[in-house]
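One structure is given here, and the rest of the page talks about it.
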């Protein structure tokens, strides 16, 4: 852990410096730090976590997460990629991490400042290639049905490709709207904040591709059978459309098209 400011030192791209690391994610180690720390977030709102023992996680995809022993599986605070992490020290010699990211192209810069009083444990580990989430029967079938009937999500929408590849995983559906703009669709059975964050990361990457943005920015649709209120608020704030999908009605459309009578 550095004890002096290193603004020009090349950080491992795994901690979120941009541009993205050209190495595959499985070649970059995940970093875990158990430390007494204080955390302050500033951006669209402000949040403060007083000094306490927490787990700091820097993932290979560039995410920076702050966990405590409580609060279920969700981090107390986090920064989604792409973001930049700089390590330095304060005037009184304490280690300080500064994580910065821009939530949208025109939005304010988000800053996560982590003041570290004491490091209790630190480790890095290569997790290797993850096989990915295996969708259950309903979610997989929902993706198949929406691929066949994309216009149920938005009028004039047509399918370009299922499982559209990105550097951090495939987008469920890549579509094109009536005006020729690219539309990324993320599909869940239950729409929660994690799904919105996932689609946000996809959109950040897709909007760097000039082939997809020739006519304008790639927009997102978050589709689910049920969307939690907090997820809807976050999606709206990030300019992502929400679509509640009636699975039974979609199955009815599919069945009627394959009936003889």
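Residue numbers (my numbering): 691 to 951.
Cβ coordinates follow ideal geometry from the N, Cα and C atoms, glycine included.
Contact belief for residue i with residue j at Cβ below 8 angstroms, rounded distance in angstroms
i: residue 727; j: residue 817; result: 24 angstroms between Cβ atoms; not a contact.
i: residue 775; j: residue 739; result: So it is not a contact: roughly 17 angstroms between Cβ atoms.
i: residue 874; j: residue 910; result: 5 angstroms
i: residue 882; j: residue 772; result: At roughly 22 angstroms, the Cβ-Cβ gap does not stay under 8 angstroms, so residue 882 and residue 772 are not in contact.
i: residue 770; j: residue 890; result: 6 angstroms
i: residue 811; j: residue 724; result: 4 angstroms
i: residue 807; j: residue 741; result: 6 angstroms
Own chain, CB closer than 8 angstroms to residue i, minus 5 neighbours either side, in chain order
i: residue 952; result: This structure cannot speak to residue 952, because the chain is shown only from 691 to 951.
i: residue 720; result: 704, 747, 748, 749, 750, 814, 815, 816 and 817
Coil, strand or helix - residue i by DSSP
i: residue 805; result: strand
i: residue 929; result: coil
i: residue 884; result: helix
i: residue 720; result: strand
i: residue 838; result: helix
i: residue 875; result: strand
i: residue 853; result: strand
i: residue 843; result: coil
i: residue 938; result: helix
i: residue 891; result: helix
i: residue 908; result: coil
i: residue 866; result: strand
i: residue 726; result: strand
i: residue 861; result: strand
i: residue 921; result: helix
i: residue 714; result: Low per-residue confidence applies at residue 714: pLDDT is 43, beneath 50, and the placement is therefore not dependable enough to give any value.
C-beta neighbour in chain C for residue i, strict 9 angstroms
i: residue 745; result: Given the protein chain composition of this structure (a single chain), no chain C is represented.
Own chain residues within Cβ distance below 6 angstroms of residue i, not counting five before or after
i: residue 862; result: 833, 875, 876 and 877
i: residue 699; result: Residue placement at residue 699 is flagged as unreliable, the pLDDT there being 32, under the threshold of 50; the coordinate-derived value follows with that caveat. Counting only Cβ-Cβ distances below 6 angstroms, and skipping sequence neighbours, we find nothing.
i: residue 789; result: 754, 769, 773, 775 and 802
i: residue 714; result: Residue placement at residue 714 cannot be trusted, given a pLDDT of 43 that sits under 50; what the coordinates show is reported in the next sentence. Around residue 714: no qualifying Cβ.
i: residue 666; result: Because residue 666 is not part of the residues shown, which for the chain are 691 to 951, the question remains open.
i: residue 955; result: This structure cannot settle anything about residue 955, because the visible part of the chain is limited to 691 through 951.
i: residue 745; result: 724 and 757
i: residue 682; result: Residue 682 is absent from the model: the chain starts at 691 and stops at 951.
i: residue 685; result: The structure shown does not extend to residue 685, since the chain spans only 691 to 951, so no value can be given for it.
Close beta carbons around residue i, own chain, < 7 angstroms, minus the five adjacent residues each side
i: residue 856; result: 892, 895 and 896
i: residue 866; result: 848, 850, 872 and 873
i: residue 888; result: 876
i: residue 841; result: 847
i: residue 864; result: 850, 851, 854, 872 and 874
i: residue 939; result: none
i: residue 843; result: 836, 875, 911, 913 and 933
i: residue 870; result: 905
i: residue 919; result: none
i: residue 831; result: none
i: residue 860; result: 853 and 854
Quick check: the stretch 751-763 against the stretch 833-845, are at least 3 beta-carbon pairs closer than 8 angstroms? Segments in contact, no.
Unbroken stretches of the alpha helix (DSSP H), 4 residues or longer, contained in the stretch 731-816: none
If we count Cβ pairs, one from each stretch, closer than 8 angstroms, do we get three or more for the stretch 923-941 versus the stretch 897-905? no
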